[in-house]
Amino acid sequence: KYSRYIEKQQSQVDKMKDMLKVKIPKGFEFEKVSGLSNEIVEKLNTINPPTLFNASEISGVTPAALEILHIYIKMAQRAR
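According to the working numbering, the residues represented by the sequence shown are 484 to 563, in order.
Encoded structure:
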């Protein structure tokens, strides 16, 4: 009865695990990422996390902010 929901949830968990392994390039300009609050940008610039997992551990960094960062990192990698 609930197998579809469980499969969907597991898929989301797997996707999040893969996303959290993503490395943030050195010198990444967080202030150029639209959609991040000034508070989050300030924290990311101060702490300069090496991966999205490390960024996820910073207080105030939301799952939505991580998703936005992931998209911008992928775009930056494609542009190279």
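Just so it is clear, CB atoms sit at the ideal spot from N, CA and C, and this is done for glycine as well.
Subject >> Residue interval of the alpha helix (DSSP H) (run including lysine 526) >> reply: 521-530
Original post:
So, helix, strand or coil for lysine 509, using DSSP?
Top reply: coil
Subject >> CB contact flag (isoleucine 556, leucine 535, <9 Å) >> reply: yes
Original post:
In whole angstroms, what separates the C-alpha of asparagine 521 from that of lysine 515?
Top reply: 11 Å
Original post:
Hey, how far is the Cα of alanine 538 from the Cα of alanine 559?
Top reply: 18 Å
Subject >> Run of the alpha helix (DSSP H) containing arginine 487, from where it starts to where it stops >> reply: 486-503
Original post:
For the candidate residues Arg561, Glu525, Met502, Phe511, whose alpha-carbon lies nearest to that of leucine 549?
Top reply: Met502
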